[in-house]
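*Asks:* Under the working numbering, the first residue of the sequence shown carries the number 8, and numbering increases by one thereafter.
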Amino acid sequence: MADLPLTFAEPLLLLGLFSLPLFWWLLRVMPPRPRRVEFPPTRLLFDIAPREETPSRTPWWLTALRLTAAALIILAAAGPTWNPQTGVGAGTKPLVILLDDGWSAAASWDIRVKAADELITQADSDRRAVALVPLSEPARDITLMPAGTARVALRQLAPKPYSVERIETLPSIARFLKATGDCEIAWLSDGVDTGRGPEFVEGLGKTIGERNLTIFRDGTPSPLALAAAENAAAKMTVKVLRTDGGIAAGTVRALDLKGSPIGEAHFGFGPQDRETEAAFDLPVELRNDIARLEISGERSAGAVQLLDKRWRRRAIGVVSGSTTDTAQPLLASTFYLTRALAPFADVRLGDRGAPQQAITQFLDQKLPMIVLADVGGLSPEIRERLSAWIEQGGVLVRFAGPRLAQAEDDTLVPVKLRSGGRTLGGSLTWEKPQHLAAFAADGPFAGLAVPKDVTVNRQVLAEPDATLATKSWASLEDGTPLVTGERRGKGVVSLFHVSADMRWSDLPMSGTFVEMLRRIVDMSGYTNNPGAGPKGAATTETVAPLRTLDGFGAFGPPPSTAKPLPADFRDRASPDHPPGFYGPADGPLAVNALAPADRIAPLDVSPLRARRASYTNSEPRDLRGILLSSSLALFLIDAVIVALLGAGLAVLLRRRAASAALAFAVMLVAMAATPAPSHADEKDDFAIKAASQTRLAYVVTGNADVDSIVKAGLAGLTLFLAQRTALEAGDPVGVDPAHDELAFFPLIYWPIVPGVAKPPQDALNRIDAYMKQGGTVLFDTRDAIEAPPGDNGAAQTPGMQALREILSSLDIPELEPVPRDHVLTKTFYLLRDFPGRFTSGQTWVEALPREDDDEAASKPARGGDGVSPIIITSNDLAGAWAIRPDGQAMLPLTPGEPRQREFAFRAGVNIVMYTLTGNYKADQVHAPALIERLGQ
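1) Quick one, are the C-beta atoms of Phe276 and Ala285 less than 8 Å apart?
2) Assuming Ala885 and Tyr756 make a contact with CB atoms under 8 Å, what is their CB distance in whole Å?
3) Excluding sequence positions up to five away, which residues of its chain have a Cβ less than 6 Å from the Cβ of Thr725?
4) Out of curiosity, what's the CA-to-CA distance linking Val707 and Asp743?
5) State the start and end residues of the unbroken beta strand (DSSP E) segment that holds Leu837.
6) Compare the Cα-Cα distances from Leu754 to each of Gly915, Leu703, Thr788 and report the closest residue.
7) Count the other C-beta atoms from every protein chain shown that fall within 10 angstroms of the C-beta of Ile174, then say buried if there are 16 or more, exposed otherwise.
8) Out of Leu264, Arg249, Lys316, state which residue places its alpha-carbon closest to the alpha-carbon of Ala112.
9) Taking the continuous alpha helix (DSSP H) assigned at Ile755, which residues delimit it?
10) In three-state terms, what does DSSP make of Arg702?
11) Provide the residue(s) that pair with Thr783 in DSSP beta bridges, ordered along the chain.
12) Based on DSSP bridge pairs, tell me the residues matched to Lys423.
13) Can you find the residues in the same chain that come closer than 6 Å, C-beta to C-beta, to Glu237, ignoring five residues on each side of it along the sequence?
14) Measuring CB to CB, does Val137 end up less than 8 Å from Ile192?
15) If we ignore side chains and look at the alpha-carbon of each, how far apart do Phe520 and Leu596 end up?
16) Go ahead and pull the three-state DSSP assignment for Gly518.
17) To the nearest angstrom, how far is the alpha carbon of Val713 from that of Trp888?
18) Using DSSP's beta-bridge definition, name the partner residues of Lys765.
19) Would you check if the stretch 215-235 and the stretch 598-605 touch, i.e. whether three or more CB-CB distances between them fall below 8 Å?
20) Might you give, ordered along the chain, the residues of its own chain that have their beta carbon closer than 6 Å to the beta carbon of Phe841, omitting 5 neighbours on each side?
21) Work out the CA separation of Pro66 and Ile648 for me, nearest whole Å.
22) Would Phe287 and Lys242 qualify as a contact pair, given that the criterion is a beta-carbon distance under 8 Å?
23) Per DSSP, what are the beta-bridge partners of Asp225 in this structure?
24) Trp511 by DSSP, collapsed to three states: which one?
25) What do you get for Lys478, buried or exposed, if any count of 16 or more other CB atoms within 10 angstroms of its CB means buried?
26) Looking at the unbroken alpha helix (DSSP H) that takes in Arg908, where does it start and where does it end?
27) What's the C-alpha gap between Phe30 and Leu74?
28) Using the Cα positions of Val830 and Pro766, report the straight-line distance between them to the nearest angstrom.
29) The beta strand (DSSP E) spanning Met243 covers which residue range?
30) Please report the straight-line C-alpha distance between Met897 and Arg908, rounded to a whole angstrom.
31) Report the CB separation of Pro278 from Ile254 in whole angstroms; it is logged as a contact under 8 Å.
32) Is it true that the CB of Pro585 sits closer than 8 Å to the CB of Pro168?
33) May I have the straight-line CA-CA distance separating Ile81 from Arg281, to the nearest angstrom?
34) Determine, using beta-carbon pairs with one atom in the stretch 318-330 and one in the stretch 353-372, whether at least three such pairs fall under 8 Å.
35) Report the option in Gly400, Ala349, Gln363, Glu388 whose CA atom is closest to the CA atom of Lys373.
36) Check each candidate in Ser482, Glu391, Asp790 and name the one with the smallest Cα separation from Thr901.
Now the structure itself:
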C-alpha cells in the first residue's frame, strides 16, 4: 500500500474493517435454527413430498458476498483517492520552491511544471507568499511574491541545455533564508547527479537547518543521455546513459546537417546496466555525413550528440621514401604510422613505386591529409601541387630521415633545416640521448602528458631564427625542436624532426605518438592557428555561435548570452557556451551537453531530513463513487439470490405473469420507438467544439500525407502562438466545405493538391459566402521550388493550375503581391516576406483600394474590417510549421537558412493576428491626430 498512489481522507474509518468478523458471526446465526418439537401426528406428513425447502443456515458464499459489500462501504466512507495530489501541508509559512531546470529535467518538464503549479495553487488558497528558485541561475535575486506572480514566473521558465551546478545557488539561498526566517521548502528534483551532487546535498542540509523540506523525485521516467560518440574503423558507436535500473530498450537516430535521416541503431539495457552502446553499421561515407545523434522519444539536450568534422573518419595517405618498407615491413615507418593512425582514420598506403606517383595519386583523390615519411627531393610540379593543396586546406605531415636530412632548399617544411643530422649518444659525441620537454602551451599538443621513457638519439636541426620558438610544437630538454609546424593559407605543414620508425627515437612506440597524430588529424577537419608566427602565437582563433540547442534538444537561434569560444574547444556546454554549432556553416564546431568522459548517476538525498513526495502523471480520482456503486450492485445480487433461494421470485412471477409480459412488451416497443442519434446532434457537437475556443481550420483534401502534415503544421503554429502571444487557441480542426459550418473559424488553410477532383459547386459557394462574411482563406500551392524559370514561371506549376480551376468558380477580388507597407507585414512582427519551407514564392492578398477609389465599396469580396478574404502563397507554410510529437521539425527547409523556420512561424503569427484583429495596426497612423484633438 505504501507504494500505491492511493490515499484516504479519513483513514481511521478503516478500523471498521475489524468489525467484519462480527458481521460474519451475525450472518451465520441469523435467522436461528428451527427448534425440534416431537409431535406424533406429524408422521402422517412424512409421505408428502415438500414443494420448497429453507436452509437452516446462510450459505458461506452468500455470507462472503455480504461481507464484501460491507467492506466496500467502509472503504468508501474512508474517502479513498487514486493519484492524490502530493505536496506540502497547509500552513501560513512562506513557500520556497527549488526547481531543477537543467537538461536532465527537460524530458519530464511538463510534469515538473504541473507539480510546481499545484504547489503554487495550494499556497494561494492558504494566502502564502511564494519564492521560485531555478537552480540554474545562481545570480538570480530570490524574492517572495504573490502566488499569481509566481505562476506567471513559472510559465516563463524553460529547461537549460547544459548541466546545472546546483551548489552555486547555495549562497543566494542562504542569504534569502537568513532574511526570510522560517519557511517551508519544496525541492522539485530530477534525481540526476551530473557532478558535485553530494556537496550540494550536504550544503543544502546545513543551509535549511530545521526548516521543513519536501523532495519531489519519483514518478517520472529516468532521463537518457548520449556521450562519447566515436567513429571507429568498422562502425560508429555512442554511449547511452541512464540513472536507474531495469530492462529497457530504445533507438538512436542519425541525421545529417539538413535534418535528413541517415540511419537508426537500437540499444538495450540489462537489469543493472546504467550504460550501454548503440552502434551504426554504415559505410564510412554515410557515417561521415552524420551531424546529429538523438534518442527517439527523448526530449532533452542531453539526449542529443552533435558531431562535426572531428568525428569524421578521414582518409590519410602515407608515402614512404625508404626501401626498408619493402624489405622489412614490421620495422618500416609505414607499419608504425598505420598502427598509430588506424584507431581514428582510414590509412591508404602509397603504391610500391616512386613516392611522387603516390603523392600524385593522393592529390587526385583529394585526401585531407598526407604523411611523407623520409621523402627527400620532389619535382617542381609536385611541389606546386602540394603547395596549392595546402593553401586550400590540406595538412601535410613530414617525418625526418636520411633522405630529408640531405635535401636542400626544401620549401615544404615549416622551418629551414641544417644539412645533415644530429647524432646523440654515439661514440664520437659527448652528448647524451635527450628526453622530451613540456609541450608548447599554444600548440596543438597542449595538455598532453610528457612521456618520461621516450628518448631521442638523432634528429634534424632547424636553423635558428626569430620565428623558430613560435613554430615549435614540441621540443627536447636542450631546447632543440622535435616537432615544428605552421599554417599556410587554410592548411598546415608540420615536421617531426625524427624518423617515423625506431631508428632515430623510440617515440613511435609510445602512446604519446598516437595522441600527437590524433591532434594533427583533428586539424585536418578544422584547423586553428597554432604556431603561425609571432602574431599568431599571441592570439587564439575564436568562433561565434551559429545554431544552439534549447533544453528540449531543438535547434534555434543562439541566445544573447552565448559567447564565442576557442576553435579547439573540447569541453562540455556551459551557460556561456550552450550546446550547438559554432563557426562557419560549412565547417561548424560542435559543442555538446556532455563531454565524452561524463557519466550520470542517481542523486543521493538520503542525508537530508526531508519528506518524500512523488510526481503525479494523471489527475486525482475519487474512488468513493466506484466503491459505493459496487457495494450497491452486490446488495442487489444478494437480494436476487435470496429471492431465488426462498422461491419468492417464482411465486411472484406466477402471480404476475400477465402483467410482466405486458410490461416487457411495452419496454420493447419503447426501445424500438426511441429515435437514433440524428445528424443534427453531430452538427451541434461540431459547433460546440468550434465555438468553445478559437481554433485554426484546414480543408481536408483526402490525401492522408498532406492532411497529416497540415494538421501537424497548424498544431505547431498554435503552440508557437501560445508561447509568443496572448492567444491560446485550441487544436486545429479539419473541415469539409460541403458539409461543415465555416463561420466559426477566422482562418482556413487550404493546401492545393494537384490531381485532386475539384470541389462541388455547393462547397465553393459556401467558401464564397464565408469570405464575403469576413473569413479568410489561405491557399497554399506548396510548389514554389517547382516553378520553372522566367517571369511567369510561378503560374505554370501544377498546383497553381489546380488553384486557378478552383478560383474560377469563386468571386475573387483583385489581387496584388503583399506591399512593403501592408498591415500584414506589421501586425505582430516586422516582416519583409513570408517564407515557409521555400522562400522563392510570392504572397498575394486583396489589392488595397486607392484613397480616391469611389468604387471600392462595390468590390466583389470586401474584407471585413480591412482584412483580405484571400491569401495565396506557394511557400508551403504548413510544412515549415509541422513538428513531430518529440518537438523536432517534420520536414527539411529549402534553402535551409539558420532562421528560416523562425521567420516562417513569425509569418504565421502575423497572418493569424491579421485575421483576428483587422486593420488595428493601420489605425495607429491616426493616433497622433486623435491625441492632439483630445488635448484641445
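Glycine included, every Cβ here is placed at the ideal spot set by N, Cα and C.
*Replies:* To lay it out plainly:
1) Phe276 is not a Cβ neighbour of Ala285, given a cutoff of 8 Å.
2) Sure, about 6 Å apart at Cβ, within 8 Å.
3) Ala736
4) 6 Å
5) Looking at the DSSP string, Leu837 is not in any beta strand (DSSP E), and its letter there is neither H nor E.
6) Leu703
7) Per the 10 Å Cβ criterion, buried.
8) Arg249
9) Careful: Ile755 lies outside any alpha helix (DSSP H), inside the beta strand (DSSP E) at 754-758.
10) Of the three classes helix, strand and coil, the one that applies to Arg702 here is coil, per DSSP.
11) Leu754
12) Lys423 pairs with nothing; no bridge assigned.
13) Only Thr244 meet the Cβ criterion.
14) No, the pair does not count as a contact, with Cβ atoms beyond the cut-off.
15) A straight-line Cα-Cα distance of about 25 Å links Phe520 and Leu596.
16) helix
17) 13 Å
18) According to DSSP, Lys765 bridges with nothing at all.
19) yes
20) Taken in chain order, the residues that qualify are Thr850, Ala914.
21) 11 Å
22) yes
23) Ser621
24) coil
25) Taking all protein chains shown into account, Lys478 has 16 or more neighbouring C-beta atoms within 10 Å of its C-beta and is therefore buried.
26) 907-924
27) Roughly 7 Å separates the two Cα atoms.
28) 32 Å
29) 243-248
30) 11 Å
31) That belief holds up - the Cβ atoms of Pro278 and Ile254 are roughly 6 Å apart, short of 8 Å.
32) yes
33) 45 Å
34) yes
35) Nearest to Lys373 by alpha-carbon distance, out of Gly400, Ala349, Gln363, Glu388, is Gly400.
36) Asp790
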